[in-house]
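Chains as they are written, first to last, in the numbering used here: chain A, 1 to 150; chain B, 151 to 300; chain C, 301 to 450.
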């Protein structure tokens, strides 16, 4: 992983992050957010994975059903955000659409994805603190704007 | 192709909008745009719907063919824009990709979607007025840059 | 719904580009990037194509396998970036998801797409120079942050 801050101004900061073959995208981007101390950001990405695991949220069981995509696939879209979790650390939330060799697609909540050969991420950081709070009724953490600070 | 530089420097405003279970996304975001007086913006979103109706534009009939997605689905991507319509009010245009329980996907022009449990929207407003004008030849309104003002 | 204004940003330049029926999107956006002298940008787009050709990258053959989508389709998402290639000219990289009449989807690396009736592109230019360099081991050019300048 390499990262570079490519624009600066009074407020929003744009980062480009490039992941290389073999890197697991969710862990790498979480590490970037932690090391950069990011407390609020949005991101988009394109590239390709050699395999991925995505999730579909099952309201009844309050958990993600895992879906394995065990083949080389284009990352057609990745859209996500960074907020601060209950543990005080940056928490990443990303959804992806993957394109298979025949042009069909799969997708879900990104659990893990192994990059091959690249993932190009544009992350826009804003000087605020978005909060993601665990919701006991749902079993997952959601952004809580009432707890968000500038 | 027409292009227009619509904003520079310390001008864009970033809004985070969180929708809750039971809210209809198209109506809620249109209401937000109206109440905030937004005349030009782009947006991305992720989250989940308990059901949605999307459209595919049929050139021959000049109308959207409705496609019902009547099951819990991840909102894998939502990308859209806000412009001002012929009635002088903010007009929302959003396309979405939805992920089903088996990882397959559906998508189209967003007509309506009922949130469950959240929709996380990042909307970037710029200080310009994009215009969407009804095109009699097509039956729908398209952005008209010639009518756009800074 | 809750909303919060979390930033007012700077330095980046926002362009809106509207393509019309019959225009080939990849060529038109490449021409725009060249004519505008863009050296680093990200973009999103929605709209519709009357047909498109997308690619899936085959690691073994170091080339894109072509997938033809020969029917009217919604452009559900287009996400991409602009960097400067080895020839010193702006180089466009875009991935798309397309929605067919039955709500099913196709997608891949955008090779070409013929617009019908519109493609609405929001391109955010930043004052840096991203470099895309041909990788002999892969057969394609990837963004190289080590060669990127502010």
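Beta carbons: idealized from backbone N, C-alpha and C, even for Gly.
- At a cut-off of 7 Å between beta-carbon atoms, residue 156(B) makes contact with chain C.
- Counting along the chain, the unbroken alpha helix (DSSP H) around residue 331(C) starts and ends at 325-335.
- Counting the other CB atoms within 10 Å of its CB gives residue 136(A) a total below 16, which places it among the exposed residues.
- Within the same chain, Cβ atoms closer than 6 Å to the Cβ of residue 100(A) are found at 73, the five residues on either side in sequence being excluded.
- Residues 54, 55, 56 and 67 of the same chain have their beta carbon placed closer than 6 Å to that of residue 108(A), with the five preceding and five following residues left out of the count.
- Close partners of residue 268(B) in chain A (Cβ separation under 8 Å): 142 and 143.
- At a cut-off of 7 Å, the C-beta of residue 353(C) has no neighbouring C-beta in chain B.
- In the structure shown, residue 291(B) adopts extended strand secondary structure according to DSSP, grouped into three states.
- DSSP places residue 146(A) within a helical segment (H, G or I) once states are collapsed to three.
- In this structure, residue 234(B) sits away from residue 242(B), with a CB-CB distance that is not shorter than 7 Å.
- Each of 441(C), 447(C) and 334(C) was checked against the Cα of residue 362(C), and the nearest Cα belongs to 441(C).
- Around residue 267(B), the same chain offers 171 and 198 as residues with beta carbons nearer than 7 Å, after the five sequence neighbours per side are excluded.
- The alpha-carbon of residue 35(A) is positioned some 30 Å away from that of residue 169(B).
- When only Cα atoms are considered, residue 379(C) and residue 265(B) end up about 24 Å apart.
- Along the segment 247-278 of chain B, the positions whose C-beta sits under 7 Å from a C-beta of chain C are 247, 255, 256, 257, 258, 259 and 276, read in chain order.
- When CB distances to chain B are screened at a threshold of 9 Å, the residues of the segment 343-377 of chain C falling below it are 344, 345, 346, 347, 348, 350, 372, 373, 374, 375, 376 and 377, in chain order.
- Contact annotation for residue 18(A) against chain C: 443 and 445 [CB-CB distance below 7 Å, chain order].
- Linking residue 134(A) to residue 405(C) through their CA atoms gives a straight-line distance of about 33 Å.
- Chain B places no beta carbon closer than 7 Å to that of residue 382(C), leaving this residue out of the contacts.
- The segment 36-111 of chain A contains, as complete beta strand (DSSP E) runs of 3+ residues, the segments 41-58, 63-69, 73-84 and 90-99 (chain order).
- Boundaries of the beta strand (DSSP E) harbouring residue 316(C): 313-320, taken from the DSSP string.
- The distance from the Cβ of residue 225(B) to that of residue 196(B) is about 6 Å, consistent with a contact at the 8 Å cut-off.
- Taking 7 Å as the cut-off, the beta carbon of residue 272(B) is found no closer than this to the beta carbon of residue 126(A).
- Residue range 132-135 is occupied by the beta strand (DSSP E) that includes residue 132(A).
- For residue 38(A), no CB of chain B lies under 7 Å from its own CB, so it is not counted at the interface with that chain.
- For the options 113(A), 95(A) and 16(A), the alpha carbon positioned closest to that of residue 27(A) is the one of 113(A).
- CA-to-CA, the gap between residue 390(C) and residue 65(A) works out to about 42 Å.
- Nearest C-alpha to residue 298(B) among 189(B), 247(B), 181(B) and 173(B): 189(B).
- Cα atoms of residue 87(A) and residue 194(B): separation of roughly 27 Å, rounded to the nearest angstrom.
- The C-beta of residue 14(A) comes closer than 7 Å to at least one C-beta of chain C.
- Taking a Cβ-Cβ threshold of 9 Å, none of the residues of chain B is close to residue 29(A); the smallest such distance is about 14 Å.
- Against chain B, the CB of residue 326(C) has no partner CB under 7 Å away; the residue lies outside that interface.
- Closest in C-alpha terms to residue 29(A), from the list 131(A), 124(A), 146(A) and 144(A), comes 124(A).
- Under a 10 Å Cβ-count criterion, residue 352(C) is classified as buried, with 16 or more other Cβ atoms of the shown protein chains found around its own Cβ.
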